[in-house]
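Line order of the protein sequences matches chains A and B.
Add 572 to the 1-based position in the first sequence for my numbering, that's all there is to it.
Add 1 to the 1-based position in the second sequence for my numbering, that's all there is to it.
For glycine and all other residues, C-beta sits at the position ideal for the given N, C-alpha and C.
One structure below.
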Amino acid sequence: MLAILARRLVWAIPGGIVITALLFASLAGLIGSPAALMLGRDATAQSIAELNARLGFDRPIATQYLDWMGHALRGDLGRSYVTHQSVVEAVLPRLPVTLEIGLLALVLATIAAIVLNSLTGARALIRPLATLLAVIGITLPNFVLGLGLIYLLCVTLEWLPSVGWSAWSNGVPDHATHILLPVLTLSAYYYGSLTLVFRAEYDAVARRLFIRAVKAKGLSDQQVSWRHTMPNALLPVITTIGLSMGQLVGGAVVTESLFSIPGIGSLLVDSILSRDYPVVLAIGMIVVFSVVIANAAADALYAAANPQVRIR
Amino acid sequence: MVDVIATQHLTIGFGATRVVHRLSFSIAAGEVVALVGESGSGKSTVALSLMGLLGRSASVEGSIHLSRKNGETCDLLTLPERRLRAIRGNDLAMIFQEPMASLDPIYRIGAQITEALAVHRPMPQAALRTEALRLLRSVAIANPEACLSAYPHQLSGGQRQRVMIAIALSCQPRLLIADEPTTALDATIQAQIIDQLRQLRAETGMAVLFITHDLGLVREIADRVLVMYAGRIVESGPTEAVFGAPRMPYTAGLMRSRPRLFAETPVRIEPIPGNVPNPAHLPPGCAFHPRCAHSQPGRCDSGTPEPEACAPGHQVCCLRWREIVA
Numbered sequence: 573m574l575a576i577l578a579r580r581l582v583w584a585i586p587g588g589i590v591i592t593a594l595l596f597a598s599l600a601g602l603i604g605s606p607a608a609l610m611l612g613r614d615a616t617a618q619s620i621a622e623l624n625a626r627l628g629f630d631r632p633i634a635t636q637y638l639d640w641m642g643h644a645l646r647g648d649l650g651r652s653y654v655t656h657q658s659v660v661e662a663v664l665p666r667l668p669v670t671l672e673i674g675l676l677a678l679v680l681a682t683i684a685a686i687v688l689n690s691l692t693g694a695r696a697l698i699r700p701l702a703t704l705l706a707v708i709g710i711t712l713p714n715f716v717l718g719l720g721l722i723y724l725l726c727v728t729l730e731w732l733p734s735v736g737w738s739a740w741s742n743g744v745p746d747h748a749t750h751i752l753l754p755v756l757t758l759s760a761y762y763y764g765s766l767t768l769v770f771r772a773e774y775d776a777v778a779r780r781l782f783i784r785a786v787k788a789k790g791l792s793d794q795q796v797s798w799r800h801t802m803p804n805a806l807l808p809v810i811t812t813i814g815l816s817m818g819q820l821v822g823g824a825v826v827t828e829s830l831f832s833i834p835g836i837g838s839l840l841v842d843s844i845l846s847r848d849y850p851v852v853l854a855i856g857m858i859v860v861f862s863v864v865i866a867n868a869a870a871d872a873l874y875a876a877a878n879p880q881v882r883i884r
Numbered sequence: 002m003v004d005v006i007a008t009q010h011l012t013i014g015f016g017a018t019r020v021v022h023r024l025s026f027s028i029a030a031g032e033v034v035a036l037v038g039e040s041g042s043g044k045s046t047v048a049l050s051l052m053g054l055l056g057r058s059a060s061v062e063g064s065i066h067l068s069r070k071n072g073e074t075c076d077l078l079t080l081p082e083r084r085l086r087a088i089r090g091n092d093l094a095m096i097f098q099e100p101m102a103s104l105d106p107i108y109r110i111g112a113q114i115t116e117a118l119a120v121h122r123p124m125p126q127a128a129l130r131t132e133a134l135r136l137l138r139s140v141a142i143a144n145p146e147a148c149l150s151a152y153p154h155q156l157s158g159g160q161r162q163r164v165m166i167a168i169a170l171s172c173q174p175r176l177l178i179a180d181e182p183t184t185a186l187d188a189t190i191q192a193q194i195i196d197q198l199r200q201l202r203a204e205t206g207m208a209v210l211f212i213t214h215d216l217g218l219v220r221e222i223a224d225r226v227l228v229m230y231a232g233r234i235v236e237s238g239p240t241e242a243v244f245g246a247p248r249m250p251y252t253a254g255l256m257r258s259r260p261r262l263f264a265e266t267p268v269r270i271e272p273i274p275g276n277v278p279n280p281a282h283l284p285p286g287c288a289f290h291p292r293c294a295h296s297q298p299g300r301c302d303s304g305t306p307e308p309e310a311c312a313p314g315h316q317v318c319c320l321r322w323r324e325i326v327a
């Protein structure tokens with residue numbers, strides 16, 4: 573398993589270089605002269621040229637990229653054009669917030685998708701409901717679902733505080749009530765896609781011959797489901813989780829903006845709106861590497877879970 | 002001898018289509034009974050109905066009386082699912098046609114062998130392991146310890162079928178249902194598995210319902226034969242009697258359509274013309290009459306033949322069996 577992980581991470585290096593280069597070039601092309609942006613509309617052509625020269629923006633893009641990469645490898649991602657704060661310092665404290673919400677949402681969605689779709693007998697009667705929730709999760713955009721939840725639980729029923737963020741230091745109950753709605757909102761889509769993937773595989777496994785052989789041993793339907801059908805149907809779910817984990821930051825954009833949560837997603841929106849080039853680039857890089865790492869981890873986990881891949 | 006299992010008028014349908022018609026047969030303790038017929042005659046459906054594994058889409062009528070290990074006799078068709086589970090894998094066990102696909106790919110063999118034991122006779126982990134090793138030895142697995150920790154994909158087809166037999170035998174069933182257990186295997190492996198089954202039957206005294214279309218195997222292993230056609234038993238009797246003097250033209254046809262490698266004079270293979278009829282559109286009268294060389298218009302296509310004894314223990318369903326013999 574570690575060997576597979578290591579191999580995938582080594583292969584991720586050239587991938588990471590290519591993707592950051594593309595990101596760098598496209599951002600440079602989109603934004604144009606950073607100095608013009610920084611100085612505003614009234615700036616003279618001469619002052620723009622001077623600032624560009626001082627900041628090194630007059631050099632070819634390839635040189636700028638290599639320069640940026642060199643600094644990035646040493647842990648320096650530059651300074652924000654807007655706040656002049658170090659980008660690393662601006663981004664790092666927000667990363668745990670996004671990861672906490674994203675991972676909780678993913679765990680919740682995974683457990684719900686697997687449990688609700690592995691029930692048998694009378695309990696399987698909730699299956700249509702589970703499918704309905706999945707369809708809602710996939711089709712309803714995050715901002716609609718989030719607004720709906722805010723209106724229902726915060727405005728009408730007044731069960732939860734509406735928006736905003738409360739750190740762990742304010743106590744667990746306060747933290748939990750603030751994190752609940754964003755996690756629910758974010759998990760809806762994951763739940764939907766995981767349900768569809770798991771359900772299809774579960775039904776396919778249930779038709780395989782070994783399931784009949786297991787029933788012939790005298791196991792109850794629920795034992796057959798928990799021990800045999802469900803574990804065999806998990807393999808594609810692992811791959812889907814890997815893909816979803818890579819999208820955590822992207823998925824956080826809407827949810828974090830909606831609930832005013834100080835995470836990477838809301839920072840990305842703010843930075844794009846204020847054309848804060850170094851911050852956007854840094855977050856883009858985080859997204860790229862989280863996709864690569866999550867996929868590598870999913871591959872390794874897939875191999876660990878599947879004896880036919882693990883043992884050849 | 003005591004009957005381990007006895008069916009009365011067992012009738013099985015899927016929706017409006019009946020695939021098994023009023024089947025009555027019994028198997029005594031220690032007896033090997035072969036259920037023979039072409040594909041589509043309803044053999045596997047009968048096997049699955051004995052196990053109660055047909056699923057909800059099937060409607061099963063009649064009765065299946067099983068005499069259990071604890072001395073109790075019960076009708077499997079009236080038992081609730083909870084009590085059926087205590088019987089499945091315990092008093093009744095089954096091995097399947099496809100050993101390659103009948104083991105769960107993600108568990109080690111050891112865990113799969115002890116699963117039925119753990120359900121029916123809970124015991125400590127160490128005892129389960131000892132029992133699994135004993136079972137693997139009893140089915141002549143060469144290296145039982147290595148086999149315990151192997152995954153199914155690491156075993157050959159023959160080894161997997163041995164493992165399936167070990168699983169089926171784990172709770173010492175009263176009746177083993179073997180649904181074409183050697184069809185998917187090489188001829189040499191086939192012979193080994195049959196030897197194994199025969200030997201295990203002698204050791205354990207269990208009854209065996211052996212489902213096959215291979216008449217050569219039947220002659221080797223079975224005490225009694227049930228010949229099935231279009232969901233009915235058309236001839237039944239001791240193996241030697243049925244093979245020596247088949248009374249039903251269908252049975253005789255099956256015999257003639259079998260390749261005989263070691264016949265002293267070359268014998269022509271004569272296939273039975275036509276196909277097994279679709280259960281939804283059975284011909285009127287004797288279901289075999291459209292394919293039968295002896296059928297008489299106005300007779301075989303109107304009256305359904307009932308089983309008649311043509312010799313002690315030998316029954317036949319044919320309106321003309323007396324005339325054909327003569």
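Using only the alpha-carbon positions, how far apart do residue i and residue j sit?
i        : j        : result
B:Pro308 : B:Ile270 : 28 Å
B:Leu55  : A:Gln795 : 18 Å
B:Ala203 : B:Ala30  : 11 Å
B:Thr18  : A:Val864 : 55 Å
A:Leu724 : A:Ala739 : 24 Å
B:Asp196 : B:Ala223 : 12 Å
B:Val61  : B:Ile194 : 32 Å
A:Leu627 : A:Leu664 : 24 Å
B:Asn279 : B:Gly14  : 13 Å
B:His10  : B:Ser25  : 5 Å
A:Leu820 : A:Thr811 : 15 Å
B:Ile6   : A:Ala575 : 55 Å
A:Tyr874 : A:Leu815 : 13 Å
A:Ala600 : A:Arg699 : 50 Å
B:Ala208 : B:Gly53  : 18 Å
Any idea if residue i is buried or exposed, counting beta-carbon neighbours within 10 angstroms, 16 or more meaning buried?
i        : result
B:Asn276 : exposed
B:Glu236 : buried
A:Glu828 : buried
B:Glu181 : buried
A:Leu594 : exposed
B:Gln126 : exposed
A:Asn742 : exposed
B:Ser1   : Residue numbering for chain B in the displayed model covers 2 to 327; residue 1 of chain B lies beyond these limits and cannot be assessed.
B:Gly314 : exposed
List the residues of chain A whose Cβ lies closer than 7 Å to the Cβ of residue i, in chain order.
i        : result
B:Ser103 : Leu781, Phe782, Ala785
B:Leu54  : Arg784, Lys787, Ala788
B:Ala117 : Lys789, Gly790
B:Ala90  : According to the sequence as given, residue 90 of chain B is Gly; it is not Ala. Simply Ala788, Lys789, Gly790.
B:Met95  : Ala788
B:Val120 : Lys789, Gly790, Leu791
Could you name the residues of chain B that residue i contacts, counting a contact when the two beta carbons are closer than 8 Å?
i        : result
A:Pro668 : Here the premise fails: no neighbours, minimum Cβ distance about 35 Å.
A:Pro880 : The amino acid occupying residue 880 of chain A in the given sequence is Gln; Pro does not appear at that position. The answer, in chain order, is Pro106, Tyr152, His154.
A:Pro803 : Ile107
Output, in chain order, the set of chain A residues within a Cβ distance shorter than 8 Å of residue i.
i        : result
B:His282 : Neighbours of B:His282 on chain A: none; closest Cβ ~27 Å, over 8 Å.
B:Ala87  : Gly790
Please state the DSSP three-state secondary structure of residue i.
i        : result
B:Glu62  : strand
A:Ala868 : helix
B:Met124 : coil
B:Leu55  : coil
B:Met95  : strand
B:Pro308 : coil
B:Ala327 : Model confidence at B:Ala327 stands at a pLDDT of 48, short of 50, so the residue's coordinates are unreliable; what they give is reported in the following sentence. Reduced to three states, the DSSP call for B:Ala327 is coil.
B:Thr74  : strand
B:Ala119 : helix
A:Ser843 : helix
What residues of chain B sit near residue i, judged by a beta carbon separation below 9 Å?
i        : result
A:Ala800 : The amino acid at residue 800 of chain A is misidentified as Ala; the sequence shows His. Near A:His800 (Cβ distances below 9 Å), the residues of chain B are Asp105, Ile107, Tyr108.
A:Ala808 : Per the sequence presented here, residue 808 of chain A reads as Pro, with Ala not at that position. Residues of chain B passing the Cβ test: none, with the nearest at roughly 14 Å.
Just to make sure I have the definition right: I need the residues of chain A whose C-beta is within less than 9 Å of the C-beta of residue i. Which are they?
i       : result
B:Arg84 : Ordered by position in chain A, no residue passes the 9 Å Cβ test against B:Arg84, which lies about 11 Å from the chain.
Worksheet item: Is the stretch 21–38 of chain B close to the stretch 73–89 of chain B, with three or more CB pairs under 8 Å?
Response: no
Worksheet item: When the Cβ atoms of the stretch 170–186 of chain B are set against those of the stretch 155–162 of chain B, are three or more pairs found closer than 8 Å?
Response: yes
Item to complete: Check whether the stretch 677–686 of chain A touches the stretch 718–737 of chain A, taking contact to mean three or more Cβ pairs, one atom from each stretch, closer than 8 Å.
Response: no
Discussion item. Quick check: the stretch 786–795 of chain A against the stretch 644–657 of chain A, are at least 3 beta-carbon pairs closer than 8 Å?
Written reply: no
Practice prompt. Give a yes or no on contact between the stretch 772–792 of chain A and the stretch 802–822 of chain A, applying the rule of three or more CB pairs nearer than 8 Å.
Written response: yes
Discussion item. Taking contact to mean 3 or more Cβ pairs, one atom from each stretch, closer than 8 Å, check whether the stretch 704–715 of chain A and the stretch 759–777 of chain A are in contact.
Written reply: yes
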